[in-house]
């Protein structure tokens, strides 16, 4: 739930006057997203999203994110398309924040993932990977494998507060993951955070992918592994191989995985699990106990990590 | 910022199937309102608001609120109109909560009140009071004068934590207010919470009044006093008599205040100030220090209260 910055009506009117998108009709804060302030904006010409970038986003990276979204939209992916103001710039300033208007996407994100979602999701992920191919600028994935050891180092001393033995278990798992991490798989631009709340569906089809602010240039199959973690576990943390098979088959109908990518799935999934485990662990240890913000339980990803560590090969994922 | 209950897509689809408003196109949580969960809902036939009533709302009172909104809308006030399902009922169940769909209103609420807002606001308030006249059921105002002594009693012991001497100052002020409170002014249905975030403007006109969940049957002029508190003080707590004059003149062009109502304005404003002071004080003392929810400063209303206590008569408000 995210509106961190209030936008005065005067400031908004002045901001909109820089665009050719008509006059304001309605303006409401959106209770979704955790990093930025998002507003739904209706004008006389249509519906848009106004995003104010808050302090967790590095402003020097915003042109890369907006450029990627624009490139993806121009290459057929349904994602928010940055709207340019009259002077040509899409990235602007509002209320002391960097700000951008993007197009509105219809649809609803699935609060409960069903098997029917996983095929369309897989196909959309592959389409994203293909559409991104021609976007030349790159962005290093700060939350990729290089980032995991420092994250663990910052949380190790207090990890056992969350569960006795957790520090030692994570040390062993991370050492294994980093030692077996594949170096030479196909690279590209990945979404890196394609959880259900970032995927809209309408009439059983994907109607849009949103929130590209963790996107980076990394192993494409690692993005698949993130989705396997985010979409294919049941609420009791049982891995649902049917969902995984649907996701992977649909992905491969658009972009077949190489033998090396398939063989790497277990370690890629281990890496994805430890990445979300570590950021959640850090947030868990650094969120004040009385705070009303929802702390996401890091141990949910320990359950996933253990599953992936037990996976003998890609057949564990239905391949 | 308010989405307390997540609505699964299955549950939402089943819920919508009970209505004749078309198929879902988009669904987003709204980061406004503090008592209930609100979602903006687009269907193939238009835009709506879905509200799930959370635990601070007494479910036995919901039919009164929805009936009032329906009555007001039918009598020309632009406010959310409850949408009836096929079986005729507007008040339903969703995800274990009472829930209702209402019509969507365009417009933007003023983050910064300007003098130009105050005339249209006054006229809209008077229109609300007139439109409500034919709605027979009544609702006692739990946060009216009867409620203030119990509220102060619950906060008195710790009031001086907020400011030394506050308990004694409030005791004296409340005794004065209750002793001089008018008993025989015109009654009717009042909004009782018509702050700027509950009033939408579009092109300089009021495009809608929302959030009727504090509405009650009480002195009409008390609603005017609430608006004088909510709209006519500057950020430095100076009373802006120009705004007050605009508000009152526009109100009186629709519904003239009686001599007795005008004469009672100072004590009505004192009462309105202490009402918001007391609920804020209670929330302030009972919100955990680390909580990320915004605690509204009760002392802002002490500043207002002192102004109203110093008002010799209605001329202080520009009359």
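Residue numbers (the numbering used here), protein chains in the order written: chain A, 1 to 319; chain B, 1001 to 1319. The C-beta atom is built at its ideal place from N, Cα and C for all residues, glycine as well.
Query raised in the report: What residues are listed by DSSP as bridge partners for residue 93 of chain A?
Result: A/98
Query - Top-ranked residue by Cα proximity to residue 11 of chain A, from A/36, A/52, A/30, A/32 - result: A/52
Requested in this report: Figure out for me which residue from B/1143, B/1192, B/1074 has the closest Cα to the Cα of residue 1225 of chain B.
Outcome: B/1192
Query raised in the report: Which of the three DSSP states, helix, strand or coil, is assigned to residue 1159 of chain B?
Result: helix
Requested in this report: For residue 217 of chain A, count neighbouring Cβ atoms within 10 angstroms of its own Cβ and tell me buried if that reaches 16, exposed if not.
Outcome: buried
Query raised in the report: What are the start and end residues of each continuous beta strand (DSSP E) run of 3 or more residues lying completely inside the segment 1238-1295 of chain B, in chain order?
Result: none
Query raised in the report: Where residue 992 of chain B and residue 143 of chain A are concerned, what is the direct C-alpha to C-alpha distance, given to the nearest angstrom?
Result: Residue 992 of chain B is absent from the model: chain B starts at 1001 and stops at 1319.
Query raised in the report: Do you know whose CA, among B/1158, B/1307, B/1201, lies nearest residue 1232 of chain B's CA?
Result: B/1307
Query raised in the report: How close, in whole Å, do the beta carbons of residue 1084 of chain B and residue 1090 of chain B come, if the pair is a contact with beta carbons under 8 Å?
Result: 5 Å
Requested in this report: Could you work out which residue in A/74, A/159, A/131 is closest to residue 167 of chain A when comparing CA atoms only?
Outcome: A/159
Report task. Determine the direct distance from the alpha carbon of residue 1128 of chain B to that of residue 1009 of chain B, and round the result to whole angstroms. Result -> 36 Å
**Report entry** CB of residue 1082 of chain B within 7 Å of CB of residue 1070 of chain B, strictly
**Finding:** yes
Report task. In the DSSP assignment, find the unbroken beta strand (DSSP E) run with residue 38 of chain A in it and report its ends. Result -> 37-43
Query raised in the report: What does residue 1348 of chain B pair with, by DSSP beta-bridge criteria?
Result: The structure shown does not extend to residue 1348 of chain B, since chain B is modelled only from 1001 through 1319, so no value can be given for it.
Query raised in the report: Which bits of chain A does residue 1096 of chain B rub up against, with CB to CB less than 8 Å?
Result: What residue 1096 of chain B touches in chain A: nothing, since even the nearest Cβ is about 14 Å away.
Query raised in the report: DSSP on residue 1008 of chain B, reduced to helix/strand/coil?
Result: coil
Query - In DSSP terms, what residue 218 of chain A is bridged to - result: A/188
Query - Outcome for residue 1031 of chain B when other beta-carbon atoms lying within 10 angstroms are tallied against a minimum of 16 - result: buried
Requested in this report: Would you check if there are 3 or more beta carbon pairs closer than 8 Å linking the segment 234-253 of chain A to the segment 168-177 of chain A?
Outcome: no
Query raised in the report: Cα-Cα, which of A/212, A/287, A/48 is closest to residue 195 of chain A?
Result: A/212
Query - Short CB-CB distance (under 7 Å) between residue 1056 of chain B and chain A - result: no
Requested in this report: Return the bridge partner residues of residue 1202 of chain B from the DSSP annotation.
Outcome: B/1205
**Report entry** Nearest-angstrom Cα separation, counted from residue 162 of chain A out to residue 1302 of chain B
**Finding:** 44 Å
Report task. Starting from the beta carbon of residue 1006 of chain B, find every residue of chain A whose beta carbon is closer than 7 Å, and list them in chain order. Result -> 111
Query raised in the report: When the cut-off is 7 Å and only beta carbons count, does residue 1106 of chain B lie next to chain A?
Result: yes
**Report entry** With 16 other Cβ atoms within 10 Å as the buried cut-off, status of residue 1102 of chain B
**Finding:** buried
Query - Where the alpha helix (DSSP H) through residue 115 of chain A begins and ends - result: 115-131
Query raised in the report: Under 7 Å between the Cβ atoms of residue 1221 of chain B and residue 1285 of chain B?
Result: no
Query raised in the report: residue 1131 of chain B and residue 1077 of chain B: beta carbons closer than 7 Å?
Result: yes
Query - Where the beta strand (DSSP E) containing residue 29 of chain A begins and where it ends - result: 24-29
Report task. Might you give, ordered along the chain, the residues of its own chain that have their beta carbon closer than 8 Å to the beta carbon of residue 958 of chain B, omitting 5 neighbours on each side? Result -> No answer is possible for residue 958 of chain B: it lies beyond the span of chain B, which begins at 1001 and ends at 1319.
Report task. Would you mind reading off the limits of the alpha helix (DSSP H) that contains residue 1177 of chain B? Result -> 1166-1180
Query raised in the report: DSSP three-state call for residue 344 of chain A: helix, strand or coil?
Result: Residue 344 of chain A lies beyond the residue range present for chain A, which begins at 1 and ends at 319; the question has no answer from this structure.
Query - Counted within 10 angstroms of its Cβ, other Cβ atoms place residue 1006 of chain B as buried (16 or more) or exposed - result: exposed
**Report entry** residue 1302 of chain B in three-state terms, based on DSSP
**Finding:** helix
Query raised in the report: Which one or two residues does DSSP pair with residue 82 of chain A in a beta bridge?
Result: A/102
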